[in-house]
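Here the structure is laid out as structure tokens; the discussion comes afterwards.
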Amino acid sequence: MSDQKIELYDGPAGGWSALKSVARHLHEQGVTVKGGKTLLHANQADGFDCPGCAWPDRDHRSTFEFCENGAKAVAAEATARRATPEVIGAKTLAEWAEASDYELEATGRLTEPLVYDAETDRYQRTTWDAAFALIAKELHALPDPNQAIFYTSGRTSNEAAFLYQLFVREYGTNNFPDCSNMCHEPSGSAMKPTLGVGKGTVTLADFEQADCILVFGQNPGTNHPRMLGELRAARKRGARVVSFNPLRERGLERFADPQNALEMATLGDSPISSHYFQLKVGGDFALLKGMCKRVVEQGALDMAFIAGHTQGFEAFAAELREQPWEPLVEAAGLTREQIELAADLYAGSERVIACWGMGITQHRHSVATIQMIVNLLLLRGNLGRPGAGACPVRGHSNVQGDRTMGIYEKPAPAFLDKLGEVFGFEPPREPGFDTVGAIEAMLDGRGKVFIAMGGNFAAATPDTAATWRALRRCELTVHITTKFNRSHVVHGRQALVLPVLGRTEIDVQATGPQGVTVEDSMSMVHLSAGMNAPASEHLLSEPMLVARMAAATLTHSRTPWLALAGDYAAIRDKIAAVLPDFAGFNAKIKAPGGFRLRNTASEREWATASGKAGFSTHALPTDLAVERAADRHRDVRVFTLTTLRSHDQYNTTIYGHDDRYRGVYGHRRVVFIHADDIRDLGLKAGDWVDITSLYIAEAGGDVQQRRAEAFLLVAYDIPRGCLASYYPETNPLVPLQSFSIGARTPTSKSIPVTLSRHG
């Protein structure tokens, strides 16, 4: 681990520092040679899909199709370290609870199924048959199937996700909380009623034609590094890249492409953003409404598109004309001139793509904000034509595919009808629990069995104390995983940890070697096949694990579970029978790069109630949580805290304690703050503080306080009144009851907090 220090990083994103980081992580995992060979198969037509982010793959023109953080994910999966039953059983769970998330991850690959022994407070070896028998016993014991909860991570393949949702619905519930509930749920909730699709409308080819790319609430240098190649190429051909982000992020400023020999040889780099607007945390809605107002008032509109393809424009335009500028300026944290400049950059471009990440989605008014992005695009016809469109940039590599496969607590009736017809049963119709609802159900006793297909639920969720209480109230917790993590330490009365094959490993079933499919952020579906020997002879594939769990539980099912899991092509045939867009599935994935699912909005066909794309009118939000807290606590400074990832992290997986681009080494408990705010608090950079969140559900309501202790103050280029800090360390500060309107995504990017000197 690195020495602890705060030191300015003045290099670009990527470049030699990224290559050195890749080499270091391969060495630390003991796979310098094996890992290097494995990486050459990442995102290749005959290789595996990177287990990291969901950014699309190019046309495999290079053998170098991975990024630094994707390499960390591959190294962690291909690691030489083994978390055998002896390694995990050497400590009690009380002792493991004291370990950091990094230390839990560093134990290596799990090798055999584990069962919790309450007498010794340890995990011990069990058999697969015993594990499935325990699951079946506890599921059968429930008086109501809705007392079981089935979580899904975004790394799960299409084949495993389809079998999983089929098993759970045959069992009798739609309780499918998933990672989408915590990240891009607002994107689908906002786009579906306005555009008729809940997915992005662009492809990589559109990035080659856009003359302006708007980037909202996103840090691609850490979260989607391969996106930097597209932004760099756009700048080099003269396109504008306009970034809106509270923090100065190196990946939005400069990038050295490791595949560019000249840049690497000369230590050169390329600019990314042509314009950079540092708005307040949560100021995006006001910014976007101001941009729309400017475009309408300047008459820079595509009236033919508006007339032929949209409804609601007149009401939207009238409301904009009545909107005063002063509240927009105050809420955005930018000057009117800056907002107008941003609007003019947009209006002066012919083909515009709007991208956004979780800096947009994890707010109280995230759905309205995304609909304002849609409004901005509609004003100039920037939907359904080359070089233009909406691009929500999603996280895990198959989070979008899992939803397509039916991992959703509110399934469409047509999907359920077809599922029941193909498999000969009546699926449940009642909506199930989302993530917040699942935690609430476990807390009040309505949820008694919790099964997680991947992920790290205990670390990823809001309100850590409440979530941990919820999991500990369960009769049984089951985690299907490759590595040991926090969720395995926070367990129910009974607990299982079931290890599976990773994305990089060879999967052999009854009919021979298998490949799985995934869907990226741009609706491309392609095949993924591993090339390494399994980490242990005892591992099951995810499809086989689901099939055996289903066969043990649903003893009267008509579904041939084990036959399906023995031939993934047979699973894909069933997917094609249920989902019309997958007709000819097995033939389509043989094409290099796979195939793209139909996106009606990209064809200017609007699958909405009106048959047209819709403008959405929203008033500027008032009575915000931070304002209520500030009004109640006038004697202290109330800040707005946003949570974020470090560079040595992917979601809740901690690869190390460095955040190179932000100049943080050997630390994770840090809080980024403007230097003038540090001075006004009577503190100095390097002091240690405690963070207290202040949640007031409504005006006049009670104040809920949550506390996280011992964070290092780091002076940073961030707007005054705003703070940033890493999750999961700050998840205890996020109230379970605080979520986005219309999507119930936790408000992890806008937490009212105060700071006090630690100790």
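For the record, in the sequence shown the residue sitting at position 614 is 614 according to full-length UniProt numbering, with numbers rising by one throughout. Ideal Cβ placement from N, Cα and C applies to all residues, glycine included. Being a predicted model, the structure only gives us computed values, none of them experimental.
{"Query": "Which of the three DSSP states, helix, strand or coil, is assigned to residue 778?", "Result": "An answer regarding residue 778 cannot be provided, because it is not within the stretch 1 to 759 covered by the chain."}
{"Query": "Can you find the residues in the same chain that come closer than 7 Å, C-beta to C-beta, to residue 729, ignoring five residues on each side of it along the sequence?", "Result": "668, 669, 708"}
{"Query": "What is the C-beta distance between residue 273 and residue 242, in whole angstroms, given that I count them as a contact (C-beta under 8 Å)?", "Result": "7 Å"}
{"Query": "On the three-state DSSP scale, how would you describe residue 9?", "Result": "coil"}
{"Query": "Which full runs of the alpha helix (DSSP H) of 4+ residues lie inside the stretch 403-454, going along the chain?", "Result": "413-423, 435-443"}
{"Query": "Among 225, 705, 382, which has the Cα closest to the Cα of residue 354?", "Result": "382"}
{"Query": "Would you mind sorting residue 364 into buried or exposed? The rule is 16 or more other CB atoms within 10 Å of its CB.", "Result": "buried"}
{"Query": "Please report the straight-line C-alpha distance between residue 584 and residue 412, rounded to a whole angstrom.", "Result": "22 Å"}
{"Query": "Take residue 554 as the anchor and find which of 446, 499, 170, 162 has the nearest alpha-carbon.", "Result": "170"}
{"Query": "Does DSSP put residue 583 in a helix, in a strand, or in coil?", "Result": "coil"}
{"Query": "Just how far apart, CA to CA, sit residue 145 and residue 468?", "Result": "22 Å"}
{"Query": "Spatial neighbours of residue 558 within its chain, please: CB distance less than 6 Å, with the 5 preceding and 5 following residues excluded, ordered by chain position.", "Result": "424"}
{"Query": "Please report the residue range of the alpha helix (DSSP H) in which residue 561 lies.", "Result": "561-565"}
{"Query": "Please list the terminal residues of the continuous alpha helix (DSSP H) segment that includes residue 625.", "Result": "625-632"}
{"Query": "Taking contact to mean 3 or more Cβ pairs, one atom from each stretch, closer than 8 Å, check whether the stretch 618-627 and the stretch 540-555 are in contact.", "Result": "no"}
{"Query": "Pull the bridge partners of residue 271 from the DSSP assignment, please.", "Result": "254"}
{"Query": "Closest by CA to residue 571, which one among 344, 126, 164?", "Result": "164"}
{"Query": "Restricting to Cα atoms, I'd like to know which of 157, 288, 311 is closest to residue 609.", "Result": "311"}
{"Query": "Please check the pair residue 482 and residue 159, which I expect to be a contact at CB under 8 Å, by giving their CB distance rounded to whole angstroms.", "Result": "Contact doesn't hold; Cβ gap of about 17 Å is too wide."}
{"Query": "Excluding the 5 residues preceding and the 5 following residue 464 in the sequence, name in chain order all residues of the same chain whose CB lies nearer than 6 Å to its CB.", "Result": "731, 732"}
{"Query": "On a Cα-Cα basis, can you pick out the residue from 192, 497, 11 that is closest to residue 110?", "Result": "497"}
{"Query": "Using 10 angstroms around the beta-carbon of residue 220, count the other beta-carbons present and answer buried if the total reaches 16, otherwise exposed.", "Result": "buried"}
{"Query": "Check the C-beta distance from residue 197 over to residue 601 and give it rounded, since I have them as a contact under 8 Å.", "Result": "5 Å"}
{"Query": "Unbroken alpha helix (DSSP H) runs of length 4 or more, entirely within the stretch 291-359: which are they?", "Result": "303-309, 313-322, 325-332, 336-347"}
{"Query": "Using CA atoms only, rank isn't needed, just tell me which of 184, 533, 340 is closest to residue 400.", "Result": "184"}
{"Query": "Under 8 Å, do residue 618 and residue 688 count as touching if we go by C-beta distance?", "Result": "no"}
{"Query": "Buried or exposed: which applies to residue 75, given that a residue is buried once 16 or more other Cβ atoms fall within 10 Å of its Cβ?", "Result": "buried"}
{"Query": "By DSSP, does residue 590 sit in helix, in strand, or in coil?", "Result": "coil"}
{"Query": "Provide the residue span of the beta strand (DSSP E) that contains residue 464, from first to last.", "Result": "Residue 464 -> not in any beta strand (DSSP E); alpha helix (DSSP H) instead, spanning 464-472."}
{"Query": "With a cut-off of 8 Å on the beta carbons, I'd call residue 149 and residue 569 a contact; round off their distance for me.", "Result": "The pair is not a contact, with the Cβ atoms about 31 Å apart (cut-off 8 Å)."}
{"Query": "Please report the residue range of the alpha helix (DSSP H) in which residue 229 lies.", "Result": "227-236"}
{"Query": "Using DSSP with H/G/I as helix, E/B as strand and the rest coil, what is residue 532?", "Result": "strand"}
{"Query": "Determine the closest residue to residue 748 out of 742, 755, 737, 756, with distance taken between C-alpha atoms.", "Result": "737"}
{"Query": "Between the Cα of residue 396 and the Cα atoms of 533, 191, 710, 649, which residue gives the shortest distance?", "Result": "649"}
{"Query": "Does DSSP put residue 61 in a helix, in a strand, or in coil?", "Result": "Caution is warranted here: a pLDDT of 48 is assigned to residue 61, below 50, making its placement in the model unreliable, and the coordinate value is therefore given only provisionally. Coil, per DSSP."}
{"Query": "Pick from 513, 675, 452, 683: whose alpha carbon is nearest that of residue 721?", "Result": "675"}
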